[in-house]
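Numbering (my numbering), first residue to last: 67 to 507.
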């Protein structure tokens, strides 16, 4: 075969693959609700870009603008984006209606992975199930130096939404109180396994998803309120069942007040309840559990209206704020870009959530509408909890900021979730039948 002909063949082969990828992307972007979906995907892209830029800026304890040496975290995040993009395309290439019959199997597979994590924690399957900061949340694949970690509890969010949406579609029994047993059992299966990791943030995230989907499906508000009251009634018992560090994290919200700290000094019994120790040391708390929270609030406040600018500011120059590229990335964004930059970030989330609400509202398919509501609830709660956590309004739970915080599993799952919304919007059925969950007169 002549060399020129062989080279031309390789060239056209590569060109053909490139064209097929472009064609696949065009198919994903075409369909129904084009403007809504393009707006949503544009906001998603902006958030991912903000995340990579912020991780790049926060990757080195030295001042980024002057040192020239950076952490590899932003490069890893860029690789995670490519993996997330692949997952996004795969989700869109599959008709969401085919996921319904397989949803229980998907959920069962994720539950099996969570159970394997629990087994690994009990019998010590290191390094396959590593213990990081006292928790077993990840599977580790690879060597000691080069490895990839996967967090099953992140993928459980999507699997749970799919399974619950498939269970609730066109059912009527959950409009009775006894009919809520099935959805709650489906929820508790994952919650119990995740609680043993422990991962309190993901556990607390599942209840708002459940209540949102039940409400949209037609469950009676009085039944849901009764469940909430029952949970409040047993909360004192659950408080004492929590691990000590979890109780200390929750009590940090109250301990920000000097009056509460003074009260704990005077009352050993109250100190024992909130912190697990009879003698409360204010100095120890300020330089221990309260250190990260205080610095997070200081970083946000010091940004003022316009911030210090990219890669500038004391909380980037010095290592005052641990996990600043992950759980506390919002504090660094506010530190660099101030109030207006933070407002822009939150506006992008509002755009995604608003587009998701429109996709859910205009859909006549019960399964699709429930998936959309579950994803919207997941994103809303994650953003609300993460931002509130950095402001000291809620306890530190470890929930990441979707699409922005460093982390492969979280980023891939967030992109898959928005991919599902895009899939549902693109295939929105036209129907003259009554809308999903609409009862007969």
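Even for Gly, the Cβ is constructed at its ideal location relative to N, Cα and C.
Source: prediction; values computed, not measured.
Complete alpha helix (DSSP H) runs within the segment 420 to 493 (minimum length 4 residues, chain order): 432 to 456, 474 to 492
In its own chain, which residues sit with a C-beta less than 8 Å from the C-beta of residue 153, not counting the 5 before and 5 after it? 478, 481, 482, 485
With 16 as the cutoff for other CB atoms within 10 Å, does residue 306 come out buried or exposed? exposed
Please list, in chain order, all residues of the same chain as residue 454 whose beta carbon is under 6 Å from its beta carbon, the five residues on each side excluded. 460
CA-to-CA distance, residue 145 to residue 197, given in whole angstroms: 24 Å
Helix, strand or coil: how does DSSP classify residue 201 here? strand
Residue 475 and residue 216: beta carbons closer than 7 Å? yes
Straight-line CA distance for residue 135 to residue 267? For residue 135, the predicted model reports a pLDDT of 38, less than 50, meaning its position is unreliable; a value from the coordinates is still stated below. The straight-line gap from Cα to Cα measures roughly 34 Å.
Spatial neighbours of residue 195 in its chain, beta-carbon cut-off 7 Å, leaving aside the 5 residues before and after: 183, 186, 187, 202, 205
Look at residue 361 and residue 387 and say whether their C-beta atoms are less than 7 Å apart. yes
I'd like the span of the beta strand (DSSP E) that includes residue 213, first residue to last. 213 to 216
Output the distance between the C-alpha atoms of residue 226 and residue 439, rounded to the nearest integer angstrom. 13 Å
Return the first residue and the last residue of the alpha helix (DSSP H) that residue 188 is part of. 162 to 189
Checking 7 Å against the spacing of the C-beta atoms, do residue 277 and residue 295 come in under that value? no
Are the CB atoms of residue 165 and residue 279 within a distance shorter than 7 Å? no
Shorter than 7 Å from the beta carbon of residue 460 to some beta carbon of chain D? Absent from the structure is chain D; it holds one protein chain and no more.
Looking at residue 275 and residue 269, is the spacing between their C-beta atoms short of 7 Å? no
What did DSSP end up calling residue 262 once you bin it into helix, strand or coil? coil
Checking the sheet assignment: what are the DSSP bridge partners for residue 207? 214
Return the chain-ordered ranges of every alpha helix (DSSP H) run that is complete within the segment 228 to 295 and spans a minimum of 4 residues. 247 to 261, 266 to 283
Cβ pair count under 8 Å reaching 3, the segment 404 to 422 against the segment 367 to 378: yes
According to DSSP, is residue 370 helix, strand or coil? coil
How big is the Cα-Cα spacing for residue 344 and residue 332? 10 Å
Anticipated Cβ contact below 8 Å, residue 472 with residue 121, distance rounded: 5 Å
Measure the beta-carbon distance from residue 123 to residue 402 and round it to whole angstroms, keeping in mind my assumption that it falls under 8 Å. 7 Å
Residues in the same chain with beta-carbon distance under 6 Å from residue 363, minus the five sequence neighbours each way, listed in chain order, please. 458
Determine the DSSP secondary structure at residue 147, reduced to helix, strand or coil. helix
Skipping 5 residues on each side, what residues in its chain have a beta carbon closer than 7 Å to that of residue 176? 218, 221, 222, 225
Residue 463 and residue 394 closer than 7 Å at C-beta: no
What separation, rounded to the nearest whole angstrom, lies between the Cα atoms of residue 489 and residue 107? 12 Å
Just how far apart, CA to CA, sit residue 385 and residue 365? 12 Å
By a C-beta neighbour count over all protein chains shown, 10 Å radius and 16 as the cutoff for buried, is residue 208 buried or exposed? exposed
Just mark residue 466 as buried or exposed, buried being the case when its beta carbon has 16 or more other beta carbons within 10 Å. buried
Looking only at C-alpha atoms, which of 329, 255, 320 sits nearest to residue 355? 320
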